[in-house]
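The structure under discussion appears below in the form of structure tokens.
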Amino acid sequence: MDDPKTKIAIVGWGNVGRGVYDSIKTSLDMELVGILSRDPQRVITQLGGDYSRIIKNASVPEDVLYVAYNCKPDVAILCGGSKEDLPIQGPYFANFFNTVDSFDTHERIREYFVKMNSIAKETNHVSIISAGWDPGTFSLERVLAEAIIPISSPKATYGLAEKGGLSQGHSDAVRKIKGVRDARQYTHAKQDAIDLMREGKGFCLSAGDKMWRECYVVLEKDSPEERKRVETEIKTMPHYFDKYETRVNFISQEELNKNHSRMPHDGLVVTAGETGVGNRALIEYKCQWDSNPHATGSILVACARAAKRLKSEGESGAFTMLDFPISYLSSQPHHDLLDRFM
Ligand SMILES: NC(=O)c1ccc[n+]([C@@H]2O[C@H](COP(=O)([O-])OP(=O)(O)OC[C@H]3O[C@@H](n4cnc5c(N)ncnc54)[C@H](OP(=O)(O)O)[C@@H]3O)[C@@H](O)[C@H]2O)c1
Numbered sequence: 040m041d042d043p044k045t046k047i048a049i050v051g052w053g054n055v056g057r058g059v060y061d062s063i064k065t066s067l068d069m070e071l072v073g074i075l076s077r078d079p080q081r082v083i084t085q086l087g088g089d090y091s092r093i094i095k096n097a098s099v100p101e102d103v104l105y106v107a108y109n110c111k112p113d114v115a116i117l118c119g120g121s122k123e124d125l126p127i128q129g130p131y132f133a134n135f136f137n138t139v140d141s142f143d144t145h146e147r148i149r150e151y152f153v154k155m156n157s158i159a160k161e162t163n164h165v166s167i168i169s170a171g172w173d174p175g176t177f178s179l180e181r182v183l184a185e186a187i188i189p190i191s192s193p194k195a196t197y198g199l200a201e202k203g204g205l206s207q208g209h210s211d212a213v214r215k216i217k218g219v220r221d222a223r224q225y226t227h228a229k230q231d232a233i234d235l236m237r238e239g240k241g242f243c244l245s246a247g248d249k250m251w252r253e254c255y256v257v258l259e260k261d262s263p264e265e266r267k268r269v270e271t272e273i274k275t276m277p278h279y280f281d282k283y284e285t286r287v288n289f290i291s292q293e294e295l296n297k298n299h300s301r302m303p304h305d306g307l308v309v310t311a312g313e314t315g316v317g318n319r320a321l322i323e324y325k326c327q328w329d330s331n332p333h334a335t336g337s338i339l340v341a342c343a344r345a346a347k348r349l350k351s352e353g354e355s356g357a358f359t360m361l362d363f364p365i366s367y368l369s370s371q372p373h374h375d376l377l378d379r380f381m
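Here's what the structure looks like:
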């Protein structure tokens, strides 16, 4: 009989990696069997010696093979950053494992899908890409709502709370700039755009019309010239900031640790239009997370269930959350889902 537990390897020990770790701990059907990091010592220091046997170096091929063949994970959850890690780590680790990742550079998802599909098919693995809440559960909601309200354009916005919502992808992108020691990026929703979305007049709203961005940056060496260079680099960064109104604040590491250690986020998908002729219709899907990485980690763990199931059915190649039955995410048997949710 198949092992009822899904065995997971975590690849990359950052915010999402720790979110996945905590989600595995609280999911009865999940078991952590390995951790791969480019800096295993950092992980051992954080987790304590108990795990040192299964914490291996992601940059050392022998260590990767050790995790693949000795720890035998059903799925490796790739928790690297979307900007620089996943475009390299996704195709590499798909050679060894079934994978789940949260690649969230929306403009590049098609390109990434094609690459992952070809490698996963070649090596007979399943790779669920771009999972999380956006892309991810918000994508599911957009497709569902547009299918029901045909003449509509589902629109999403983020950062409804006063402080805004902390975007990990954008924070990661700012941290990758030379001379930046640490950074946080908050996204803020614009209320007038939400009003237009609810009236069904949001068709032409660009991302920059719906949101603005705010960065808190700690520099390695603070000086007026360095501030100017980093601010320009942020504001002109393609895919991330160049199309938004962006404010950049420079602060100390102490201030960042004190005021920006939590990672809340939220978002709203609004679909407004008509069903039939002249019947107004509105669907809103909203989520609020105290911890963006824990929310993302929980979704990635649910997708690991689906990846294992798809693999057991003989599937291979790349999938997004749109491409398999939603019931595959659940740990509950199908008849139970019918009884409770249908
Ligand atoms: N789809 C969605 O809804 C969604 C939602 C949230 C986030 N995301 C994606 O998730 C990605 C990861 O976010 P994150 O916040 O986890 O990024 P992060 O904390 O910067 O971690 C990214 C990688 O950097 C390395 N790292 C982390 N902390 C480090 C440190 N102190 N020193 C050196 N290296 C360190 C880790 O790799 P090693 O352990 O190998 O060094 C880690 O895997 C984001 O880029 C975003 O695109 C997607």
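All letters in the sequence shown, in the order written, are residues 40 to 381 by our numbering. We put the CB at the ideal spot given by N, CA and C, even for glycine.
- Residues of the same chain with a CB within less than 6 Å of the CB of Asp-140, apart from the 5 flanking positions on each side, are Leu-117, Leu-125, Gly-129, Ile-168 in chain order.
- In the displayed model, Glu-70 falls within a strand according to three-state DSSP.
- Per DSSP, the continuous beta strand (DSSP E) segment holding Cys-326 begins and ends at 318 to 328.
- Every alpha helix (DSSP H) stretch that sits fully inside the segment 148 to 189 and reaches 4 residues is listed by chain position as 148 to 161, 176 to 187.
- According to the DSSP secondary-structure assignment, Ile-94 is paired through a beta bridge with Ile-74.
- With 16 or more other Cβ atoms inside 10 Å of its own Cβ, Glu-180 counts as buried.
- Looking at the DSSP output, Ile-116 sits in a beta bridge with Ile-49, Val-139.
- With a beta-carbon spacing of about 6 Å, Trp-172 and Ile-338 fall inside the 8 Å limit used to define contacts.
- Set against 7 Å, the gap from the CB of Asp-61 to the closest heavy atom of ligand 1 is not smaller.
- A straight line joining the alpha-carbon of Asn-109 with that of Arg-92 spans about 11 Å.
- Counting along the chain, Gln-85 sits inside the alpha helix (DSSP H) bounded by residues 79 to 86.
- DSSP lists Gln-224, Val-287 as the bridge partner or partners of Cys-254.
- For Thr-310, DSSP records a beta bridge to Ile-322.
- Leaving aside the five residues that flank Lys-202 on each side, the residues in its chain whose CB is nearer than 7 Å to its CB run, in chain order, Tyr-225.
- Tyr-279 carries a coil assignment under DSSP once its states are collapsed to helix, strand and coil.
- In terms of Cβ geometry, Val-165 and Ser-355 form a close pair [threshold 8 Å].
- Around the beta carbon of Val-99, fewer than 16 other beta carbons sit within 10 angstroms, so the residue counts as exposed.
- For Phe-358, the beta-bridge partners assigned by DSSP are Ile-167.
- Three or more beta-carbon pairs drawn from the segment 47 to 62 and the segment 322 to 333 are found closer than 8 Å, and the two stretches are therefore classed as touching.
- Restricting attention to Asn-156, Val-213, Ser-192, Lys-154, the CA atom closest to the CA of Thr-285 is found in Val-213.
- At a threshold of 7 Å, Arg-77 counts as near ligand 1, since its beta carbon sits closer than that to one of the ligand's heavy atoms.
- Judged by the Cβ position, Gln-207 qualifies as a neighbour of ligand 1 at the 7 Å threshold, a heavy atom of the ligand being closer than this.
- Note that the segment 205 to 212 does not touch the segment 341 to 350; fewer than 3 beta-carbon pairs, one per stretch, sit closer than 8 Å.
- The beta carbon of Arg-237 is closer than 7 Å to those of Val-309, Ala-311, Leu-321 in its chain, skipping five residues each way along the sequence.
- Counting only residues of its own chain and dropping the five nearest sequence neighbours on each side, Thr-275 has a CB closer than 6 Å to the CB of Asp-281.
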